[in-house]
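Enquirer: First the structure, then my questions, so here it is.
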Amino acid sequence: AGQGASVAFGGLRADTGLPVEVTADQLTVDQNDGTAVFSGNVLVGQGEMRLSAAEVVVEYGGEDQSRIERLHATGGVTLVSGAEAAEAEEAVYTIDSGEVVMTGNVLLVQGANTLSGQKLIVDLSTGTGRMEGRVKTVLQPSGGN
Amino acid sequence: MADDRDITIHSRVVFWLKIILPLFALAILSTLFLLSRRIDTDAALPYARVDVEALARDPRLTAPEYLAVTEDGAAVSFTARTARTGQGDNDEARAEDLVAVYETPGGLRIDIRAREGEIDRPAGRMRLSGDVEIVTSTGYRMLTAGLDSALDRTNLRSDGEVQAEAPYGQITAGQMEIRHEDVEKPGYLLDFKTDVKLIYEPQK
Chain Y
14 AGQGASVAFG GLRADTGLPV EVTADQLTVD QNDGTAVFSG NVLVGQGEMR
64 LSAAEVVVEY GGEDQSRIER LHATGGVTLV SGAEAAEAEE AVYTIDSGEV
114 VMTGNVLLVQ GANTLSGQKL IVDLSTGTGR MEGRVKTVLQ PSGGN
Chain B
301 MADDRDITIH SRVVFWLKII LPLFALAILS TLFLLSRRID TDAALPYARV
351 DVEALARDPR LTAPEYLAVT EDGAAVSFTA RTARTGQGDN DEARAEDLVA
401 VYETPGGLRI DIRAREGEID RPAGRMRLSG DVEIVTSTGY RMLTAGLDSA
451 LDRTNLRSDG EVQAEAPYGQ ITAGQMEIRH EDVEKPGYLL DFKTDVKLIY
501 EPQK
C-alpha cells in the first residue's frame with residue numbers, strides 16, 4: 014500500500030471513555046431500519062477532539078441499536094485536537110477502539126510540518142498514527158516546535 | 301282418664317299464655333318504631349355535586365373516540381377524557397387528557413399523550429399541548445410542549461423544543477417531525493431539526 018510513514022501525534026488524542034457529543038443542523042432517522050444520518054455542519058466532539066463533516070451516518074453495534082459502533086463522516090472531514098489537525102474527504106471513527114481512519118487526499122498539519130497521503134489511521138487513545146499512500150512531507154526548516 | 305288436676309293446670313297455663321303472649325307481642329311492636337334509627341331522608345339520595353348549568357351550557361362528550369385511516373394507510377385513533385365540540389364558525393373541537401395512536405402499515409406505532417388537544421377538522425389538523433409525550437415503537441421517547449399533527453396523513457410536527465430519549469442516547473433539538481416519505485424509499489422518517497444535539501455514553 015505504498016510507503017507508509019508512522020507518525021507520532023502528540024495532539025490527536027482523546028479519552029475514548031468520555032461521552033461523544035454530536036451536533037448538527039438535522040438528524041433523520043429512518044423508522045423502518047433505524048439508520049440515523051446527521052447532516053449540515055456536523056460536529057462530533059469527545060474530550061478535546063473535534064471531528065467536523067458535512068454528513069455523519071451512525072452505524073449501530075448491537076441488534077437493539079442501543080450502542081453506536083462507528084460514525085461514518087463524509088463530505089470533507091476535519092479532525093482537530095490540540096495543535097494538530099487532519100483533513101480528508103471521508104473518515105470512519107470506531108468509538109470503542111478510538112480509531113479514526115481518514116481516506117481521500119489526507120492532509121495532516123503538525124505545528125509547522127505538513128504530511129499528506131491517501132490514508133491516515135489514527136489511534137486516539139494512544140495518539141499514534143500511520144499515514145499511507147504516496148506520503149509527502151513538508152518540513153519547515155525554520156519552524157520546528 | 302287423665303288426672304283431672306293435670307287438665308286444669310294445663311288449661312289454666314294456656315289461658316294465661318293466651319293473654320300474656322299477645323301483650324308481649326304488642327309491646328315489642330310498639331317499641332320497635334320507637335327505638336329504630338332515624339333515617340335521614342334527604343341524605344339517602346346523594347346528588348352529584350356538578351354544576352348543572354355549566355354542563356348544560358357547553359355540550360361535551362365523555363371518553364369520545366375518533367378513528368380514521370390516513371392516506372398512507374395508517375390507522376389513527378384518539379381517545380380523550382372529555383371533548384367539547386366547536387362552537388360558532390371555527391368548529392374546533394377541544395379535548396382534555398388526550399391519547400392518540402398512529403399504527404402504520406409498516407408496523408411502526410406512535411403513541412401520543414397530551415393534556416389538551418384542539419381538533420381543527422376543516423384544516424384536517426390537530427394541535428396538542430400540555431406536556432406532550434410521543435413514543436415510537438422504534439424506541440424513541442420524546443417530550444415537547446406542543447404538537448401539530450395531521451388527521452389525514454401521518455405527519456406530526458412539534459412546535460418548539462423537543463427532548464428525546466433514543467435507544468442509544470439523549471437528543472435535543474429545536475423541532476421534531478415524523479413524516480411519511482414515499483418518493484425514493486417509502487417509509488416513515490423521524491426528523492430532528494435546528495440545533496440537533498446527541499449525547500452518547502460509550503459503555504466502558
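Each protein sequence line maps, in turn, to chains Y and B.
Per the numbering used here: the first sequence = residues 14 to 158.
Per the numbering used here: the second sequence = residues 301 to 504.
Glycine included, C-beta positions come from ideal geometry on N, C-alpha and C.
1. Please work out which residues of its chain come closer than 6 angstroms, Cβ to Cβ, to Gly-117 (chain Y), disregarding the five sequence neighbours upstream and downstream, and give them in chain order.
2. Compare the C-beta of Gln-463 (chain B) against all C-beta atoms of chain Y and say whether one is closer than 8 angstroms.
3. Kindly indicate if chain B contains any beta-carbon less than 8 angstroms away from that of Asn-54 (chain Y).
4. According to DSSP, which residues form a beta bridge with Gln-123 (chain Y)?
5. Starting from the C-beta of Val-33 (chain Y), find all residues in its chain whose C-beta is less than 7 angstroms away, skip the five residues before and the five after it, and write them out in chain order.
6. How close, in whole Å, do the beta carbons of Ala-125 (chain Y) and Val-90 (chain Y) come, if the pair is a contact with beta carbons under 8 angstroms?
7. 8 angstroms is my cut-off, CB to CB: does Glu-418 (chain B) come that close to chain Y?
8. Just to confirm the assignment: which complete beta strand (DSSP E) runs, minimum length 3, are found wholly within the segment 394–423 of chain B?
9. Enumerate in chain order the residues of its own chain whose CB-to-CB distance from Asn-455 (chain B) is below 8 angstroms, with the five nearest sequence positions on each side excluded.
10. Using 10 angstroms around the beta-carbon of Leu-152 (chain Y), count the other beta-carbons present and answer buried if the total reaches 16, otherwise exposed.
11. CB-CB under 6 angstroms to Gln-475 (chain B), same chain, minus the five flanking residues each way: which ones, in chain order?
12. State yes or no: is the beta carbon of Thr-48 (chain Y) nearer than 8 angstroms to at least one beta carbon in chain B?
13. Drop a sphere of 10 angstroms on the beta-carbon of Ala-14 (chain Y), count the other beta-carbons inside from all chains shown, and report buried for 16 or more, exposed for fewer.
14. Is there a C-beta anywhere in chain Y that falls below 8 angstroms from the one on Tyr-488 (chain B)?
15. Closer than 8 angstroms, CB to CB, is Leu-120 (chain Y) near chain B or not?
16. Identify the continuous beta strand (DSSP E) that holds Ala-450 (chain B) and give its terminal residues.
17. If we cut at 8 angstroms on Cβ distances, does Glu-34 (chain Y) have a partner in chain B?
Expert: Concretely, from the data shown:
1. By one-based count along the first sequence, residue 117 (chain Y) stands at place 104. Counting only Cβ-Cβ distances below 6 angstroms, and skipping sequence neighbours, we find Ala-101, Glu-102, Glu-103.
2. Start at 1 with the first residue of the second sequence, and residue 463 (chain B) comes out as number 163. With respect to chain Y, the C-beta atom of Gln-463 (chain B) has no partner C-beta closer than 8 angstroms.
3. Translated into positions along the first sequence, residue 54 (chain Y) becomes position 41. Chain B, which has no Cβ nearer than 8 angstroms to the Cβ of Asn-54 (chain Y), makes this no.
4. Within the first sequence, residue 123 (chain Y) is the residue found at index 110, counting from 1. According to DSSP, Gln-123 (chain Y) bridges with Y:Glu-97, Y:Asn-126.
5. Here residue 33 (chain Y) is taken as the residue at index 20 of the first sequence, counted from 1. Cβ within range, chain order: Val-57, Gln-59, Ile-108.
6. The sequence position of residue 125 (chain Y) within the first sequence is 112, counting from 1. The sequence position of residue 90 (chain Y) within the first sequence is 77, counting from 1. Between Ala-125 (chain Y) and Val-90 (chain Y) the beta-carbon gap is near 23 angstroms, outside 8 angstroms, which marks them as no contact.
7. The residue labelled residue 418 (chain B) in the question sits at position 118 within the second sequence. Output row for Glu-418 (chain B): interface = no.
8. Within the segment 394–423 of chain B, the complete beta strand (DSSP E) runs of at least 3 residues are 409–420.
9. The residue given as residue 455 (chain B) occupies position 155 in the second sequence. Answer for Asn-455 (chain B): Ser-449, Glu-477, Ile-478, Arg-479, His-480, listed in chain order.
10. Reading the first sequence from its first residue, position 139 is the one you call residue 152 (chain Y). Burial call: exposed.
11. In the second sequence, residue 475 (chain B) corresponds to position 175, counting from 1. Answer for Gln-475 (chain B): Ser-458, Lys-493, Thr-494, listed in chain order.
12. Looking up residue 48 (chain Y) in the first sequence gives position 35. Taking Cβ atoms only, chain B never reaches closer than 8 angstroms to Thr-48 (chain Y), which makes this a no.
13. Along the first sequence, one-based indexing puts residue 14 (chain Y) at 1. Confidence in Ala-14 (chain Y) is poor, its pLDDT being 42 and thus under 50, which makes the residue's placement too unreliable to answer from.
14. Within the second sequence, the letter at position 188 stands for residue 488 (chain B). Yes, Tyr-488 (chain B) lies at the interface with chain Y (some Cβ there is under 8 angstroms from its Cβ).
15. Residue 120 (chain Y) sits at position 107 when you count from the first residue of the first sequence. With 8 angstroms as the cut-off, Leu-120 (chain Y) does not count as an interface residue toward chain B.
16. Taking the second sequence and counting its residues from 1, the one referred to as residue 450 (chain B) is at position 150. Under the DSSP assignment, Ala-450 (chain B) falls in the beta strand (DSSP E) whose first and last residues are 441–450.
17. Here residue 34 (chain Y) corresponds to residue number 21 of the first sequence, with the count starting at 1. Yes - at least one Cβ of chain B is within 8 angstroms of the one on Glu-34 (chain Y).
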